[in-house]
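Q: Residue numbering for the sequence shown follows full-length UniProt numbering, starting at 1 and increasing by one per position.
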Amino acid sequence: MQSGRRCGNPAVLECALPRHAAGAIDAPADTADAPRHCPPAASSGEWPMTGTAGPNTVIPVLDLGPVFAGEPGALEATAAELRRVCETVGFLYIRNHGVPQALIDATFDAAARFHAQPLEAKMALKLDDAMQGYLPYRSSTTRANGLVAVRKPNENEAFFVNPERDPAKPANRWPDSVPGFRETTLRYYAEMEALARRMLPLYARALDLPADFFDARCDAPLASLRLTHYPPVEYGADEYGIAPHTDSSFITLLAQNPVPGLQIRTQAGEWIDAPVIPGTYVVNTGDVLNRWSNGRFLSTPHRAVNMQPRARYAIPFFYHPNPETSLECLPTCTDAANPPRFPAQTVGEYMAWFRNSNYDHFRAKPAATAAV
Numbered sequence: 001m002q003s004g005r006r007c008g009n010p011a012v013l014e015c016a017l018p019r020h021a022a023g024a025i026d027a028p029a030d031t032a033d034a035p036r037h038c039p040p041a042a043s044s045g046e047w048p049m050t051g052t053a054g055p056n057t058v059i060p061v062l063d064l065g066p067v068f069a070g071e072p073g074a075l076e077a078t079a080a081e082l083r084r085v086c087e088t089v090g091f092l093y094i095r096n097h098g099v100p101q102a103l104i105d106a107t108f109d110a111a112a113r114f115h116a117q118p119l120e121a122k123m124a125l126k127l128d129d130a131m132q133g134y135l136p137y138r139s140s141t142t143r144a145n146g147l148v149a150v151r152k153p154n155e156n157e158a159f160f161v162n163p164e165r166d167p168a169k170p171a172n173r174w175p176d177s178v179p180g181f182r183e184t185t186l187r188y189y190a191e192m193e194a195l196a197r198r199m200l201p202l203y204a205r206a207l208d209l210p211a212d213f214f215d216a217r218c219d220a221p222l223a224s225l226r227l228t229h230y231p232p233v234e235y236g237a238d239e240y241g242i243a244p245h246t247d248s249s250f251i252t253l254l255a256q257n258p259v260p261g262l263q264i265r266t267q268a269g270e271w272i273d274a275p276v277i278p279g280t281y282v283v284n285t286g287d288v289l290n291r292w293s294n295g296r297f298l299s300t301p302h303r304a305v306n307m308q309p310r311a312r313y314a315i316p317f318f319y320h321p322n323p324e325t326s327l328e329c330l331p332t333c334t335d336a337a338n339p340p341r342f343p344a345q346t347v348g349e350y351m352a353w354f355r356n357s358n359y360d361h362f363r364a365k366p367a368a369t370a371a372v
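#1: DSSP state of residue 95, grouped into three classes?
#2: Quick check on residue 276: does DSSP put it in helix, strand or coil?
#3: Quick check: what's the CA-CA separation for residue 301 versus residue 238?
#4: Where residue 110 and residue 284 are concerned, what is the direct C-alpha to C-alpha distance, given to the nearest angstrom?
#5: Does the distance from the CB of residue 289 to the CB of residue 203 come in under 9 angstroms?
#6: Just confirm the distance between the C-beta atoms of residue 97 and residue 223, as a whole number of angstroms; I'd bet it's less than 8 angstroms.
#7: Look up residue 165 in the DSSP assignment and say whether it is helix, strand or coil.
#8: What is the C-beta distance between residue 137 and residue 126, in whole angstroms, given that I count them as a contact (C-beta under 8 angstroms)?
#9: Is it the case that the Cβ atoms of residue 162 and residue 232 are separated by a distance below 9 angstroms?
#10: If you reduce the DSSP assignment to three classes, tell me which class residue 338 lands in.
#11: What's the C-alpha gap between residue 106 and residue 339?
#12: Count the other C-beta atoms from every protein chain shown that fall within 10 angstroms of the C-beta of residue 88, then say buried if there are 16 or more, exposed otherwise.
#13: Determine contact between the stretch 176-190 and the stretch 273-283, defined as no fewer than three beta-carbon pairs at a distance below 8 angstroms.
#14: For residue 126, list the residues DSSP reports as bridge partners.
#15: In its own chain, which residues sit with a C-beta less than 8 angstroms from the C-beta of residue 294, not counting the 5 before and 5 after it?
#16: List in chain order: all unbroken beta strand (DSSP E) runs of 3+ residues lying wholly within the stretch 260-319.
Now the structure itself:
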């Protein structure tokens, strides 16, 4: 983005952002359709970001150590707590997850080094039809969010890594000039897939199903690792790092990083910050599990904004069941008084609809089966 232009808000005499020490100069340049406004040091209501988030008073922390250690009764006790969280909040932190911090740090570093490349190098790996590769800055719009009418693109860029287990499918696309990038991201991908699989019995028991219920339905999961870069920008009206949305996943695993930015919407409609808790992962239920459970487990709206004077990176892992798995309502989530609410689509069908709705790369292609 360009710099050197004055802030789009002419009423701002002193910008509140630390990096704009000389006032509003050096703010990102306005564009014809989206002038950007710096938040004034003494706000008089001009700051266009609505729904300012408050502190976290809702998101609980679950300790997975006893479950993973096989302690007697730990699976049932933790599953009961998970059930409560998924039915009331939809977001939680997990600790004692077993993922090496050194690998998490290396993956954040790999993300930063990838996005530091010249645009030409990244565009050579532009997102393909297999949904892998580079998603350019401001080229996704969160249209399929079920919350608000979003028309402006997200203020982020990303790189997608998919599994490489099937030689018949297109291989991931890798940069030539980022040493160790492929090895690090594939190692991290494998670690995330293993963690998600270790958590499946918890979700099964939380839904009153046999502990191994999801195992065969997730033995070739349709998962994706996204390395996202949120540059420091001043958000205009209805602009976000990523707009309010729910995830398409079964669950999403998000490693912590020093730059905050995740916000979730409570059941009361209040936006709250999800503070950084070192050594934990943020885990949330996605639309796939919400639909599968007939709405019993919440898929909670959330958004990301980078209000810091430095770049924010995120490395979410989106875990889905096998693409051919049917999302027919789970037997423990329906009865005569609570009939199935959603069609029995496959995971692959639902994901095709979600992808075509939200990514510009696929907008001109034939529409997939509609989600209801």
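Don't be surprised by glycine CBs; every beta carbon is placed ideally from N, CA and C.
Fair warning: this is a prediction, and the values are worked out from it, not measured in the lab.
A: Walking through what the data contain:
#1: strand
#2: coil
#3: 16 angstroms
#4: 24 angstroms
#5: yes
#6: Wrong, their Cβ atoms sit about 16 angstroms apart, outside the cutoff.
#7: coil
#8: About 12 angstroms separates the two Cβ atoms, so there is no contact after all.
#9: no
#10: Residue 338 carries a strand assignment under DSSP once its states are collapsed to helix, strand and coil.
#11: 47 angstroms
#12: Exposed, by the Cβ-count rule.
#13: no
#14: 134
#15: 329, 330, 333, 334, 338, 340, 341, 342
#16: 262-265, 271-273, 281-285, 302-304, 312-314, 317-319
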